[in-house]
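FYI, the UniProt record's numbering numbers position 324 of the sequence shown as 324, with every residue one higher than the one before it.
A quick write-up on the structure given underneath.
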Amino acid sequence: MNHEHEMKSDAAAPAEMYVCPMHSQIRQAQPGKCPLCGMTLVLAGATPAAGHDAHEHRQGHHHEHKQPEAATKPAPASSGSAEPAAPSSPGQTIYTCPMHPEIRQDHPGNCPKCGMTLEPLLPELEEEENPELLDFQRRFWWTLPFTVVVTLLAMVGHRLQLFEMATQSWVEMILTLPVALWAGWPFFDRGLQSVVNRSPNMWTLIGLGTGAAFVYSVVATVAPQVFPASFQAMGRVAVYFEAAAVIISLTLLGQILELKARSQTSAAIKSLLGLAPKTARRIDEHGAESDVPLTHVHVGDLLRVRPGEKVPVDGVVIEGRSAVDEAMLTGEPVPVVKGPGDKVIGATLNTNGALVMRSERVGSATMLAQIVQMVAQAQRSRAPMQRMADQVAGYFVVAVVGIALLTLVVWGLFGPEPSWVYGLVNAVAVLIIACPCALGLATPMSIMVATGRGATSGVLFRDAAAIENLRKIDALIIDKTGTLTEGRPAFDRLIAAPGVQETELLRLAASLDQGSEHPLAEAIVKEARTRGLVLSKPESFESGTGIGVRGVVEGRQLALGNTALMAQCGVDVKVLLPAAEALRAEGASVMHLAADGKLMGLLAVSDPIKSSTPEALTALREAGILIVMATGDGLTTAKAVGARLGIDVVHGEVKPADKLALVQSLQDQGRVVAMAGDGINDAPALAKADVGVAMGTGTDVAMNSAQVTLVKGDLRGISTARALSEATVGNMKQNLMFAFVYNALGIPIASGLLYPFTGWLLSPMIAALAMSLSSASVITNALRLRRG
C-alpha cells in the first residue's frame, strides 16, 4: 500500500471530510460509523501517519506518560505488526483480538473471525475487572442449579417416579429454558455471528449442537405426536435437555477460566506503568519547592530528588551526588554514582544523596515510556499460534452442517414414512454426535495437566502457545546478570603488593568502605567480617564520582578505587597491572587500595556464575540450540563470561531496544527464538521472542512479559520445559485423534448411511452417549501427562 499517496490524499481532503482509520476508501462529509468495520469515522487530518499499515489505528490515553510516541525510536517489528500510535480523539480506546491483531475497533465486542472477546490495545494502570468475566460468572452460578437438577432428573427421574414421564419432559424443559435462553445466549450469538461473517469456528458447532439438542427436545415435549411410535420410550419421546444444559454450563466455566488467564496478559504493561512516580518535586524560579503531578512536568523544569525517591523523568544532574539504582531499567545490580552533568533515567531509584536535576524528556519521550511502547508492540506483533483444533474447525463445521442437511433431505425424499420426521431426527443425531465437547477439550485438557506438572517442576507456563512453541526453538538469547550469574556482587579475591599482608589489605579496605552504601563496598565489608577481622572506624570519608572512595583510617590516608583515582593520588599501579587486567578478563570488577600514596594491593568483586549454568548450557547445546548472550555489561566482561561458558555469540553494552532488535534479527533469519532474562530491560525482548523465559528470581515485569517463568531461576528448567512441550503436543495430537475418530465412526451411523444394509439407526440418546465417551477418553488420555 502506498502510504505516501494516502497521506497526500488526506491532506487534500476538505476540512469536514470524515474517513475510516481502517478503510481509507470510506469517506463522507458527516460523522458516523464505518459500514465495513464499525469504527467511528475521524477527520481526515487525524488518520494514521505514513509508516503504519491499513489496520493500524490511533489510541488515546488519559495520561500523557502512558502513551509512547511512535515516532521516537521505533522498535523493530515484524511485517504487518501493529503498534500503539497517537490518539484519534481524546480518551478513545482501541480494542483488538489477541488471536487476530489485525482486528481493531473503538468499542468492546467479539472477534468476527474467532469469537474471542476483544481487549484494549494498551491497558490503563487502573482498570476495572473485565465486565464480560463478571457477566459470565453471573450466568454460570445463577443457572448451575438448573443444570444439576435437569441432569439428575434425566439420569434417575424414571426410577424415582416423581412425575409421569410426559410431565417430566415439561419439567426438564422449564428448568432448561433459563440455561439455554439466558446463560447460553452469548454462545448462540457468537455462533450466529460466525455464520454472518462467514467464519465458521468452534462457536458455530457449540451453537448448532446445543441448539439442535434443545430445539429437538422442545418439539418432542410440545408436539410428541409428530414422532413415530418407534421413538416412544417409557411413555414419552426421548428428550436431551440435560445435554444442552450441561454443554452450556461447561462452556461457561471454560470461558470464565480463559478470561481470568487472559487478564494477566496486560500485567507486564501495568507493571511498567506502575514504576513511574505519581508526583515530582519542582523548584520554581524563586527557589520555592512544591510537589506537582508528573503530567505537569515540562522540559527544562528543575526537580529535586531526595534520598529514597524515584527519579521522575529523564534528565541531567545539576547539583549533588548520589548512587542511583538503575537495575529496574538496565538490569545491572550495581548502582551508578551520579554527579553534575550526568544523565539520569526516569523511574530509577535515588539511594543515598539529594540531587537537583533538569528535565529533558517527559511523558511519552522518556525511556520508561519507550519500553512500554516496545512491550506493547512486541506483544501485539507476535503471531499467536493457532491451536490444531482451530486449524480444521472451519472445514469440520462446514462438513458437519453439510452432512446434517444432506441427511435431512435424503431421508425426507427417499426414507420410509414419516420420512421427514426420520430425516429431522437423524439430522439432529448428526449434530449431537458432532458436538465439539471432545474437540474443545482435546487441547485445553492437555494444557491444564501439563501446566500443573510443570509447576511441580518449577516451570510456569503462561499460555498454551508457550507449550506448543517451546519444542520448536533453535536459538536462545540469554541475559547475563541474574540469568547466567547470581545477580549479586560477591567478593572474589585479593592480591597484595610485595611486602603487604593480605589480611591487612582486606582489613583497611573494609574499614574505609564501612562509610559506603555501594554494593561493591558491601561485598568487601561482608568478606572482612566473615573472616573475623576487626574493623576501624574511618576518621573521614569522601566518595568520588564513579572512581572510588577516600578517607583516613588509623591516621593513614587511604584511597580505594579504579586506576583513575590512583592517578589522581599519584599512585604507581604498574607492578600489579598484569594481575588487574587478568581479573578484568575474567569478568571481575577490580579496585586498587593505596595507603599514604603507596599501592597496597588489588581487591576483586565479581558476579558469580550460577552453579547450574554450565550444566544447563551443555544440555541446550546438545539439543542443537544456538546460544547468544546479550548483556548491558562492558564487552570485555561479557566476552570473558562467554568464553568461560562456551557461549556461541556474545553481545555487550546492549540496550533494551538492541535486545529487541537482536530477537527480530534472528527471527528474520528463520529461527524460532527464545529469550531468557530477569530484568525490566529484558521485557521488550521477552515479549517479542517466540518464547520468553523469565527468571523467577527477577523482576515482576520480566515475568509478566514472558510466556515461561523458571521459579528457581535455574536455566536447567528450559530443558525440562522443552521435554514437557514435546510430550504435551504429542498428547494433544492423540486427543484430537480420539475426538475425530468418534465423529468419523458416529456421523455415518447417525446419518443412516448403514440403514439400507443393517437397519441400524443412531438415536440422539446413543449419540449423546458416544459424545460423552469421546470426552471421557480425551480427559483420561490427558491425565497420563501427570505420570511423565
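Just so you know, even glycine gets a beta-carbon here, dropped at the ideal spot from N, CA and C.
Given the structure is predicted, the values throughout are model-derived calculations rather than measurements.
- For L349, the secondary structure class from DSSP, reduced to helix, strand or coil, is strand.
- Spanning the alpha carbons of V246 and G713 requires a straight line of approximately 42 Å.
- It is roughly 8 Å from the alpha-carbon of M357 to the alpha-carbon of V305.
- In terms of Cβ geometry, W182 and R190 do not form a close pair [threshold 8 Å].
- Ranked by Cα distance from E172, the options A450, G452, G157 are led by G157.
- Sixteen is the threshold: since fewer than 16 other Cβ atoms of the shown chains lie within 10 Å of the Cβ of V222, the residue is exposed.
- Q501 sits in coil when the DSSP states are folded into three classes, being neither helix nor strand.
- Per DSSP, the continuous alpha helix (DSSP H) segment holding Q667 begins and ends at 656 to 668.
- Ranking G499, S511, K526 by CA distance to the CA of A490 puts K526 first.
- In this structure the segment 305 to 321 lies against the segment 339 to 347, because at least three pairs of beta carbons, one per stretch, are closer than 8 Å.
- Taking the Cβ atoms as the reference, L576 lies roughly 6 Å from I495, within the contact range of under 8 Å.
- Judged by beta-carbon spacing, V150 lies beyond the 8 Å limit of T117, meaning their Cβ atoms are not closer than that value.
- In this structure, the CA atom of F414 is about 11 Å from the CA atom of P756.
- Contact between A595 and R550 is ruled out by a C-beta separation of about 11 Å, above the 8 Å threshold.
- Within the same chain, Cβ atoms closer than 6 Å to the Cβ of T143 are found at P178, V179, A183, the five residues on either side in sequence being excluded.
- Residue state for G632 is assigned as coil, using DSSP reduced to three classes.
- In the three-state reduction of the DSSP assignment, V292 falls in the strand class.
- Between R644 and the set K480, L745, E319, the nearest pair of CA atoms involves K480.
- Taking a cut-off of 8 Å on C-beta distances, the segment 578 to 585 does not touch the segment 522 to 537, as fewer than three cross pairs fall below it.
- Residue pairing from DSSP places T96 in a beta bridge opposite R104, E119.
- For G601, the beta-bridge partners assigned by DSSP are A496, L593.
- Proximity of the segment 473 to 488 to the segment 672 to 683 meets the contact definition, three or more beta-carbon pairs being nearer than 8 Å.
- Restricting attention to V237, V239, I248, the CA atom closest to the CA of L208 is found in I248.
- Put simply, the segment 616 to 628 does not touch the segment 502 to 509. Fewer than three CB pairs are less than 8 Å apart.
- Burial check for S359: the Cβ neighbour count within 10 Å reaches 16 or more, so the residue is buried.
- Here DSSP, grouped into helix, strand and coil, assigns Q28 to strand.
- Residue burial annotation: K610 is buried, with at least 16 other C-beta atoms found within 10 angstroms of its C-beta.
- Within a 10 Å sphere around the beta-carbon of T451 sit 16 or more other beta-carbons, which makes this residue buried.
- Burial state of G454 is buried, judged by a 10 Å Cβ sphere holding 16 or more other Cβ atoms.
- In summary, D284 is exposed, with fewer than 16 beta-carbon neighbours lying within 10 Å of its beta-carbon over all protein chains present.
- For S359, the beta-bridge partners assigned by DSSP are G315.
- Going by beta carbons, S719 and A616 fall inside the 8 Å limit.
- Bridge partners of T485 according to DSSP: I609.
- Secondary structure at L710: strand, using DSSP grouped into helix, strand and coil.
- Counting the other Cβ atoms within 10 Å of the Cβ of H592 gives 16 or more, which makes it buried.
- In this structure, the alpha-carbon of W170 lies about 32 Å from that of V410.
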